[in-house]
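I have placed the structure first, in the form of structure tokens, so that the comments after it can refer back to it.
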Amino acid sequence: MQLPFNALSLFSVGKLFSTFLPESYGSHPTCPISTLPPSYNLTVGKVARTFGLSNPSLYPECEQLDSYPIILAFHGRGASWQHMAKLTNLHDPTYCAITIYPQGLPGYGLSDGNTCDNDARRKPSWAGAPYATCYDLDHPDQPRDDFGFFHALLDYIKDRPELKGDLERVYVTGKSNGAHFTNYLACDPDASKRIAAIAPVAGPYYQAKDRWTPGRCRPSKPIAVINFQGTEDRSVEYEGSEEWINCPANSSVGDGEERRCVGKIPGIWYWFLGWGERNKCQNEVIERDGGMTEGQRIVIQSFEQCAGGKEVRHYKVVGGKHVWPARCCNLDNLKRDGSGKCEIAPVDATDEIVRFFLRFKVAADEETLLGNERGDL
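According to UniProt numbering, the sequence shown is numbered sequentially starting from 1.
Put into structure tokens, the structure is as follows:
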């Protein structure tokens, strides 16, 4: 798959300039947002797909490096690749990574009669969720192929040696529905061959329950996992959710009867233990304190003796909501009480994720896990 693309000429040369939200909200600083990378298109099947892509070889801090890690970051339902870039800032020159922000296709909710005809309810989403379409709305004869999109993006980097992408250092992260798809990729025997580590944040894992099971979770090899989940998340219940709730437009928010509609999902502890089993981790769960702020506390739980030298690490954000945790004000954590303050976390998820990612490579994984039949996670 070739595009008329010359990486060195199409990217703006020089260091990215930073843009900001307001300088602060109350006493809390605002997270910096580096200038967004350019947007590109490629075709998967007959469907045009869009993505943002950063080129670290153009950053003075990174230009002398021989190769760059590759990070794919999937947005949540109803969001965009630009929103994910602003939220996470994974393309910051500090990380010297090729960052790819894919754009999802429109999806729908059960409340609209299982059709794709209501434009008001069409929201970008990723495969495997109960509200994702099975086809592109502009090409109903073509199956939705988000897995094909993932492979096409990595092939796009592979076919352009001037980008200096290191295919032994491929990492995937996402928030909410994007976190679900991150996990979904890692569960796939083919996609998992190309992934060294994943970082799902505030994610539901819909394939865990029979009604929504697209297939078993069967990674081809051990994969390192780092995860952040808030105990006060009202979009994705920390303890799991029993049923898909049919509510108007699938988008009500709040507490009690107005909780956001979610599908059947497992409790996070159950999901975490599943990855420990899949990665054949030998030790018991290690638990340590991850810090505290006003209203939030982090408990870090991990398996650290896993096949292929991998680790499975969970950040339990006690008091955390459906957000990308940060020590500054980002697009997620502004309080809704009119105070102008943000719900600051003890850690920055982006920094923690990148540090975790860079410890792992794909090629170090010799052991196949295809015989693992635990398919309910």
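Every residue, glycine too, gets a C-beta built ideally from N, C-alpha and C.
Note that the structure is predicted; figures quoted are calculated from it, not measured.
Would you kindly work out how many angstroms separate the C-alpha atoms of residue i and residue j, rounded to a whole number?
i      : j      : result
Ile100 : Gly52  : 6 Å
Leu58  : Glu239 : 44 Å
Ile33  : Leu167 : 26 Å
Leu334 : Arg359 : 32 Å
Pro266 : Thr43  : 34 Å
Ser176 : Asp66  : 34 Å
Val317 : Phe228 : 7 Å
Ala363 : Leu154 : 16 Å
Val47  : Asp159 : 20 Å
Lys193 : Phe149 : 15 Å
Ala97  : His91  : 7 Å
Thr350 : Ala199 : 10 Å
Gly14  : Pro56  : Low local confidence applies: a pLDDT of 30 at Gly14 is under 50, so the model's placement there is unreliable, with the coordinate-based value given in what follows. Their backbone Cα atoms lie some 10 Å apart in a straight line.
Phe356 : Phe272 : 17 Å
Pro130 : Ala345 : 30 Å
Met292 : Ser339 : 21 Å
Pro38  : Asn89  : 14 Å
Gly203 : Arg49  : 23 Å
Is the CB-CB distance between residue i and residue j below 8 Å?
i           : j      : result
Gly107      : Ser125 : yes
Pro222      : Gly308 : yes
Gly295      : Glu237 : no
Gln301      : Glu287 : yes
Ile71       : Tyr156 : no
residue 386 : Thr30  : Residue coverage of the chain in this structure runs from 1 to 377, which leaves residue 386 outside it and unanswerable.
Val201      : Gly290 : no
Ile298      : Tyr315 : yes
Tyr206      : Gly128 : yes
Arg144      : Ala152 : no
Val323      : Asp337 : no
Arg169      : Lys361 : yes
So residue i is in the beta strand (DSSP E); what residue range does that whole segment cover?
i           : result
Tyr270      : Where Tyr270 is concerned, there is no enclosing beta strand (DSSP E), although the alpha helix (DSSP H) it sits in stretches over 268–278.
Ile98       : 98–102
Lys123      : 123–125
residue 379 : Summary: the structure shown does not reach residue 379, with the chain confined to residues 1 through 377, and so no result is reported for it.
State the CB to CB distance for the pair residue i and residue j, rounded to an integer number of angstroms; the pair is presumed to be in contact (CB under 8 Å).
i      : j      : result
Pro219 : Ala186 : 6 Å
Glu311 : Ala224 : 5 Å
Lys321 : Glu232 : 5 Å
Thr173 : Ala85  : Not a contact, Cβ separation roughly 12 Å.
Gly76  : Gly230 : Contact flag wrong, Cβ pair sits at about 14 Å.
Tyr68  : Gly165 : 6 Å
Asn283 : Phe303 : 6 Å
Gln103 : Leu36  : Contact flag wrong, Cβ pair sits at about 13 Å.
Val354 : Tyr95  : 5 Å
Glu63  : Pro93  : That pair is no contact at about 10 Å.
Which two residues bound the contiguous alpha helix (DSSP H) that contains residue i?
i      : result
Glu287 : Run containing Glu287: none in the alpha helix (DSSP H); it sits in the beta strand (DSSP E), 286–293.
Phe147 : 146–158
Leu87  : 81–88
Quick check on the DSSP output: what are the complete beta strand (DSSP E) runs of length 3 or more inside the segment 167–226, in order along the chain? 197–201
Uninterrupted beta strand (DSSP E) stretches inside the segment 304–334 (no shorter than 3 residues): 312–318
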